[in-house]
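A.B. asks: Starting off with a structure, shown below.
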Amino acid sequence: MSKKEFDQLRIDMYVTGTADKDGNGGYATMLYSVISGTPYKKNIGGYAIDTTVTRMTLKAIVEGLRNIKNRSIIHIHTNIPNVSAGLNKNMFIWEKKEWRRKDGGFLKHADLWQEVFQLLQEKTISYKVHYEKPYPNQENQLYTIHKSSEYVMKAKKELYEVAIS
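Each step along the sequence shown adds one to the number in my numbering, with nothing skipped, and position 11 is 11.
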């Protein structure tokens, strides 16, 4: 396989999640790849209520992986250290322990960790997680943070509309 063919298999996934003190959250994912010298970007986002930053970041990864059509070499870029550690090593331990912590207790966000694990098996040739604070590509970092913040505001607006109706 040539370097050009190899590089076409690579997808960079920039993810972020946010949540305010009231539990309104948003997430954003930017998928980036270069095929035959042409850069491609796909932006994905959403929001939820009664959530956390970690949950929103995991949701960003899930949605990013769902949007990848072919098995690829995936580089996931996150600025959340526990998500990076979970993906790089803990996820394999949790899977062997049936998605429980070392002390036998229930794992927070086990549903999303399991989904990420399954999608990584299906969608990747290999993957690597990069913990970066700040992202080396400032434009990607600012974009994903901005989009996740927009989704938080959308969640708040919907909550307000429900409350007054």
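Using N, Cα and C, we set each Cβ at its ideal position, and we do this for glycine too.
On a Cα-Cα basis, can you pick out the residue from Ile68, Val116, Arg101, Trp99 that is closest to Ser84?
C.D. replies: Val116
A.B. asks: If the criterion is Cβ atoms closer than 8 angstroms, does the pair Leu112 and Arg66 meet it?
C.D. replies: no
A.B. asks: DSSP three-state label for Gly23, please.
C.D. replies: coil
A.B. asks: Thr18: which of Gly46, Ile11, Thr38, Trp94 sits nearest, CA to CA?
C.D. replies: Gly46
A.B. asks: Considering just the uninterrupted stretch of the alpha helix (DSSP H) at Thr54, what are its terminal residues?
C.D. replies: 53–66
A.B. asks: For Leu87, which of helix, strand or coil comes out of DSSP?
C.D. replies: In this structure, Leu87 counts as helix in the three-state DSSP scheme.
A.B. asks: Distance, Cα to Cα, Tyr135 vs Asn79?
C.D. replies: Caution is warranted here: a pLDDT of 49 is assigned to Tyr135, below 50, making its placement in the model unreliable, and the coordinate value is therefore given only provisionally. Those two C-alpha atoms are separated by around 7 angstroms.
A.B. asks: Provide the residue span of the alpha helix (DSSP H) that contains Lys41, from first to last.
C.D. replies: First-last for Lys41: 38–48, but that is the beta strand (DSSP E), not the alpha helix (DSSP H).
A.B. asks: Count Cβ pairs between the stretch 23–34 and the stretch 51–61 that sit closer than 8 angstroms; are there 3 or more?
C.D. replies: Because the criterion of three Cβ pairs below 8 angstroms is met, the stretch 23–34 and the stretch 51–61 touch.
A.B. asks: Would you list the residues sitting across from Phe106 in a DSSP beta bridge?
C.D. replies: Arg100
A.B. asks: For the stretch 31–40 and the stretch 88–105, state whether three or more C-beta atom pairs, one from each stretch, are separated by less than 8 angstroms.
C.D. replies: no
A.B. asks: Does the beta-carbon distance from Glu63 to Ile44 come in below 8 angstroms?
C.D. replies: yes
A.B. asks: According to DSSP, Val15 sits in a beta bridge with which residue or residues?
C.D. replies: Thr29
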